[in-house]
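Below: the structure, in structure tokens.
In our numbering, the protein residues as written are 1 to 480.
See below:
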């Protein structure tokens with residue numbers, strides 16, 4: 001057995017902060033609750049507002065706006081996802097001697113050149129985009145339009161590094177209720193195989209629930225007779241699938257040498273007919289940055305004997321932080337690239353109980369067109385722009401709104417409206433924004449779909465950028 005830990009990263013889809021019973025959810029989730037009790041449960045973990053940006057942040061340790069992945073790519077918009085130049089966590093761990101795999105949802109580029117096996121993963125099985133494509137072929141109009149415009153029915157795929165992609169079957173409503181069962185079967189089989197190998201492994205398990213269409217497995221219909229909601233059924237199934245993955249780790253005898261992380265890509269939606277989930281006490285839902293209900297999700301980490309058990313913390317962490325953290329835990333910090341800006345922190349000392357703080361103080365949030373939306377500094381949040389719903393416009397107030405999340409987690413009381421003498425908070429919160437904007441002078445953001453092959457000829461602006469940062473009067477915080 002390798003002295004490097006295996007890493008199992010389980011990512012669910014569209015699940016809210018308040019959906020699991022250990023976070024106050026109404027549907028019992030005993031296996032997820034047990035996982036949380038065996039390690040660290042994060043109460044202040046934030047992601048990006050959509051699934052593609054968060055998945056990009058996990059893969060690269062970078063703000064998605066840097067990678068041109070700041071919004072969900074829609075059909076017909078051309079090549080999207082991660083440029084092959086990006087050095088993913090799959091690349092990094094593979095170069096550090098790990099076997100790597102991905103099961104389930106990708107959503108970081110559906111072109112063959114941008115699939116998992118071209119981004120550091122030895123093998124994968126899953127779907128290129130999103131589970132909503134399961135419903136495409138159920139519409140009578142699809143056949144006619146597909147024939148006229150050359151649209152292929154969505155499919156499940158599998159492939160290995162250096163080989164061709166193979167279509168497994170159509171991704172449709174027939175397979176939708178079985179999708180997480182199939183993903184879990186692939187993941188648990190891989191864990192059993194890899195436990196017998198001579199390499200440590202990293203497997204990324206991207207479950208489909210609770211993304212629409214919410215079609216639960218037949219074994220989980222009406223799990224909660226008091227609620228009788230499809231949403232409860234898929235939460236109950238998710239809990240069971242997580243349990244199956246944990247059991248496979250235990251059965252293989254590798255639990256003590258395996259780091260398990262479980263989190264969500266973005267918050268729950270507020271869908272009609274009570275099909276949406278719970279974002280706890282926070283305002284907003286998915287795709288409505290920058291409210292906490294859009295950005296804050298459940299997350300937990302277990303590593304028996306290394307990560308302390310039964311810890312509940314409000315220390316901040318973000319999706320960007322797994323990159324450096326995993327590199328450190330794998331003894332591969334020397335593989336972390338230095339030719340590009342990274343936005344994550346290494347939180348390993350905190351998770352291992354060796355530090356009282358996570359190392360993260362602030363995080364910047366961006367909108368669906370890459371626009372700057374807000375910044376969070378410790379328990380303070382400043383809104384520069386905001387949206388109240390997926391179908392609502394983005395609003396830019398005349399002056400930024402500032403909230404004290406400790407006293408007002410629902411972000412309803414703008415303290416800047418009648419306490420202008422707190423302008424110093426505005427100044428403090430501008431610092432990470434200025435640092436980000438100046439970093440783009442030397443390292444311009446990649447455009448969506450760009451065939452990017454590295455930053456060239458930018459070194460000469462480094463000193464200029466540093467000089468601007470040193471001279472910038474962000475410390476005054478005066479709006480005018």
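Idealized CB from N, CA, C, for every residue including glycine.
The structure displayed is predicted, hence computed values, not measured ones.
Three-way DSSP call (helix, strand, coil) for residue 274 in this model: Confidence is the limiting factor: at residue 274 the pLDDT is only 44, short of 50, which leaves the residue's position unreliable, though a coordinate-based value still follows. Residue 274: coil per DSSP, three-state reduction.
Closest residue to residue 169 among 177, 158, 200, 341 (Cα-Cα distance): With distances taken between Cα atoms, residue 169 lies closest to 158.
Residue nearest to residue 59 in terms of C-alpha spacing, selected from 421, 269, 163, 121: If you compare the alpha carbons of 421, 269, 163, 121 with that of residue 59, the shortest gap goes to 121.
I need the boundaries of the beta strand (DSSP E) containing residue 143, first residue and last residue. For residue 143, there is no enclosing beta strand (DSSP E); the residue is found in the alpha helix (DSSP H) stretching over 140 to 149.
Check residue 157 in the structure and name its three-state DSSP category. Here residue 157 sits in strand by DSSP.
Alpha carbon to alpha carbon, how far is residue 343 from residue 63? Residue 343 and residue 63: Cα-Cα distance of roughly 6 Å.
Ordered along the chain, which non-local residues of its own chain (more than five positions away) have a Cβ less than 6 Å from that of residue 429? Sequence-distant partners of residue 429 (beyond 5 residues in either direction) whose C-beta falls short of 6 Å from its own C-beta, in its chain, are 375, 377, 382.
My guess is that residue 319 and residue 47 are in contact by the Cβ rule of under 8 Å, so how many angstroms apart are they, rounded? The beta-carbon distance between residue 319 and residue 47, rounded to whole angstroms, is 5 Å. This is short enough to meet the 8 Å contact definition.
Touching by the beta-carbon criterion (3+ pairs, under 8 Å), the segment 327 to 341 and the segment 244 to 252: At 8 Å Cβ cutoff, the stretches do not touch.
Below 8 Å on the Cβ atoms is my contact criterion, and I expect residue 29 with residue 239 to pass it. Report the Cβ-Cβ distance as a whole number of Å. Rounded, the Cβ-Cβ distance is 4 Å, consistent with contact.
Any idea what DSSP makes of residue 372, helix, strand or coil? Annotated three-state conformation of residue 372 is strand, per DSSP.
8 Å Cβ cutoff met for residue 109 and residue 150: For residue 109 and residue 150, no; Cβs fall outside 8 Å.
Do you know offhand how far residue 88's Cα is from residue 234's? Roughly 30 Å between the two C-alpha positions.
Using the beta-carbon count (16 or more within 10 Å), is residue 105 buried or exposed? Classified as buried, residue 105 has 16 or more neighbouring CB atoms from the shown chains inside 10 Å of its CB.
Mind checking residue 119: buried by the 16 CB within 10 Å criterion, or exposed? Around the beta carbon of residue 119, 16 or more other beta carbons sit within 10 angstroms, so the residue counts as buried.
Buried or exposed for residue 216, please, with buried defined as at least 16 other CB atoms from any protein chain shown within 10 angstroms of its CB. Buried, since its Cβ has 16 or more Cβ neighbours within 10 Å.
Enclosing beta strand (DSSP E) for residue 362 [first to last residue]: First-last of the beta strand (DSSP E) with residue 362: 362 to 366.
For residue 390, which three-state DSSP category applies? Coil at residue 390, not helix or strand.
Spatially closest choice to residue 155 from 137, 237, 300, by CA coordinates: The option with the nearest alpha carbon to residue 155 is 137.
Please work out which residues of its chain come closer than 6 Å, Cβ to Cβ, to residue 36, disregarding the five sequence neighbours upstream and downstream, and give them in chain order. Around residue 36: 22, 300.
Leaving out five residues on either side along the sequence, give the residues of the same chain with a beta carbon under 7 Å from the beta carbon of residue 85. Excluding residues within five positions, the ones whose Cβ falls inside 7 Å are 452, 453, 454.
Straight-line Cα distance separating residue 145 from residue 25: Separation of residue 25 and residue 145 (C-alpha to C-alpha, rounded to the nearest whole angstrom) is 42 Å.
Round the Cβ separation of residue 49 and residue 266 to the nearest angstrom and send it over; I've been treating them as touching at under 8 Å. Indeed, because the Cβ distance is near 6 Å, the residues count as touching under 8 Å.
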